[in-house]
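Each residue of the sequence shown is one higher than the one before, starting from 8 at the first, in the working numbering.
All C-beta atoms, glycine included, are put in the ideal place defined by N, C-alpha and C.
What follows is a single structure, written as structure tokens, with notes after it.
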Amino acid sequence: MAAGGLIASELLAACGGSSSPGSGELDPDALDPFEPSGSRDGGTGLPERLAWAPTADSEFFLAFGQGMRLAATERGFDYVTATSGNDPRLHVDQMNGFLDQGVGALAMQPLSPDADAVVLQRAIDRGVCTQGIITAPSTMQVVASQYQIGYDQGKAAADYCVAELGGNAQVLYFNLDSASPQLRLRHDGVLDGLKTGGGGIEVVGDITVAEISTTSGFNTMTSALQRYSDIKVVLGGDTIVVGAHKALAEQGKLTDDMFLSGVDGDREALALIKQGGAYKLSIAFAWKLMGFGLGQFGADWVEGREVPQLVVARGVQLDSADAVEQFEAAGQDPSAVFGDRARYEEYLPLYGTVSYESRQQYWTAPVDPPSA
């Protein structure tokens, strides 16, 4: 558990209204479930505009944007977005452009944590509801149990190898370590999960992927097959593994006894699971519901209402057509699901409370979800 990620800055009204950082720090485990009082602060003066800064046109990022756009429309807010194409400098420039244009809330996916942090701090200093996906500084942080997600993915692959492949298999793993320190925890979890299958499971490739795209997965898989022709297990994020699936098919190497698995719940990955065959598991996040919720909370912030400090993205294991269809049904009407708090929190539990009035409280480091 990463603790001490929240800093409270005290407004020193008695000293001419200046502010300075305080020493108050909070462990995520100290947060109560989100329970807004229903009260409303005075006007924030922030623009009624929501922004989403993804790093690529991956299916799950598009789903997030669809959800946020729906929320903005429902609340009568403007919605803006721009994709950086995995270019760290462009990513920062686009976020700065949103701030210059004027936004009340900014949601973003990390790409280069050090560079991202500068513009995120700028947003916080302007009072913007800064919504970071496993990143900080941020007013509201989307978090996930990254080690457990990785372990579950690796363990599922190991169990399959033992049951179906005699405990012997070559594994190719695509990690995303460069995107966020939290994703290094997922990396550790995957490797530990694979170890449960015994020494016959060999990780022949553990590749850091800087670009989240099917093209990247396709090209990397094509290169790997030149060296390792007997790969039976491919793990990583869904977007990358879908690309690997396409490369295997093109090379005539795709067989139903393989175990391909991704994380995120990409639409293409879920379609492959429903078809049956090599693509056997996605650990999915409810991206459309997430985007809708962050859009609603961004609008609440602008209107002076309370919002959660942590949004926990639960990974849902989808390994059958029935499981995929049930998951997809929840994303068909985000407004209805969001309106049913218990149903929404089946996918995205909410913790802590903050508002524009208490905006000096914000996360200074990526954190894990509350352990309870």
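Reduced DSSP category for residue i - H, G, I as helix; E, B as strand; rest coil
i      : result
ASN226 : helix
PHE84  : coil
LYS253 : helix
ASN175 : coil
ASN182 : strand
TYR354 : coil
ASP372 : In the sequence as displayed, the identity of residue 372 is Ala instead of Asp. Of the three classes helix, strand and coil, the one that applies to ALA372 here is coil, per DSSP.
GLY289 : With the sequence shown as reference, residue 289 is identified as Ser, and Gly is not the correct amino acid for it. SER289: strand per DSSP, three-state reduction.
GLN339 : coil
GLN303 : helix
ALA60  : strand
LEU261 : coil
CA-to-CA distance, residue j to residue i, given in whole angstroms
i      : j      : result
HIS98  : GLY224 : 21 angstroms
GLY283 : SER327 : 8 angstroms
PHE41  : ALA114 : 19 angstroms
SER91  : GLY173 : 44 angstroms
ILE208 : ASP273 : 27 angstroms
VAL344 : PHE299 : 10 angstroms
ASP329 : TYR286 : 15 angstroms
ILE156 : LEU118 : 20 angstroms
ASP123 : ALA58  : 15 angstroms
TYR354 : ASP245 : 18 angstroms
Span of the beta strand (DSSP E) around residue i
i      : result
MET115 : 112-115
ALA89  : Unbroken run through ALA89: none, as it is neither H nor E.
VAL323 : 323-325
GLY269 : 266-271
LYS239 : 238-242
VAL319 : 317-319
N- and C-terminal bounds of the alpha helix (DSSP H) containing residue i
i      : result
VAL216 : That residue, VAL216, is in no alpha helix (DSSP H); it is neither H nor E in DSSP.
ALA276 : 274-282
ASP100 : 95-108
ARG366 : Here ARG366 belongs to no alpha helix (DSSP H), and DSSP marks it neither H nor E.
GLN189 : 188-202
Next item on the list: Could you tell me whether the region 367-377 touches the region 42-57, using the rule of 3 or more Cβ pairs below 8 angstroms?
Entry: Note that the region 367-377 does not touch the region 42-57; fewer than 3 beta-carbon pairs, one per stretch, sit closer than 8 angstroms.
Checklist line | Whole alpha helix (DSSP H) elements within the region 118-165, 4-residue minimum | finding: Fully enclosed alpha helix (DSSP H) runs of 4 or longer: 120-132.
Margin query: For the pair the region 236-245 and the region 176-188, tell me if three or more CB-CB distances fall below 8 angstroms.
Written below: Yes, since at least three Cβ pairs between the region 236-245 and the region 176-188 fall closer than 8 angstroms, the two stretches touch.
Notebook entry, point to check: Taking contact to mean at least 3 C-beta pairs separated by less than 8 angstroms, is the region 263-271 in contact with the region 157-173?
Noted result: Taking 8 angstroms as the limit for Cβ pairs, the verdict is that the region 157-173 does touch the region 263-271.
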